[in-house]
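In my numbering, the protein residues as written are 9 to 146.
We put the CB at the ideal spot given by N, CA and C, even for glycine.
Note that the structure is predicted; figures quoted are calculated from it, not measured.
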């Protein structure tokens, strides 16, 4: 099967769009709803800001949480941010000895004109140890 480029339509005047995944992670200060919500909002906002993503460009979001985070779903914070019509899913990570504690990870699927090399994956706070090669000063 070959990749096919779609001719832009008037509704997509910015040009051809591609379906891309953007990764990110952040740690929560504690296992309570307020801490998880703050961390989630910060991570999602930073991913959008760094990649110039409009809300309408987000196709779906997958969250994973380490087993020590059970107080609330990250999607609640996203809903409070106005992400009402975006499908979201949560999964619990496996409990691996020595894994980073209180970590929220995200895989955001977006429709964008950016190339894969132009996508910026975002790792914040304690999660910078997961991908130090992708961390940049804030």
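| Query | Result |
| --- | --- |
| Endpoints, the beta strand (DSSP E) within which residue 68 is located | 66 to 73 |
| Spatial distance of residue 125 from residue 27 (CA atoms) | 13 Å |
| Bridge partners - residue 89, DSSP secondary structure assignment | Residue 89 is not bridged to any residue. |
| Length of the line joining the Cα atoms of residue 94 and residue 25 | 18 Å |
| Reduced DSSP category for residue 97 - H, G, I as helix; E, B as strand; rest coil | strand |
| Where residue 137 sits in the DSSP three-state scheme | helix |
| Local conformation of residue 51 per DSSP, three classes | helix |
| Same chain, Cβ closer than 6 Å to residue 90, neighbours up to 5 away in sequence not counted | none |
| Beta-carbon proximity check, residue 77 vs residue 39, cutoff 7 Å | yes |
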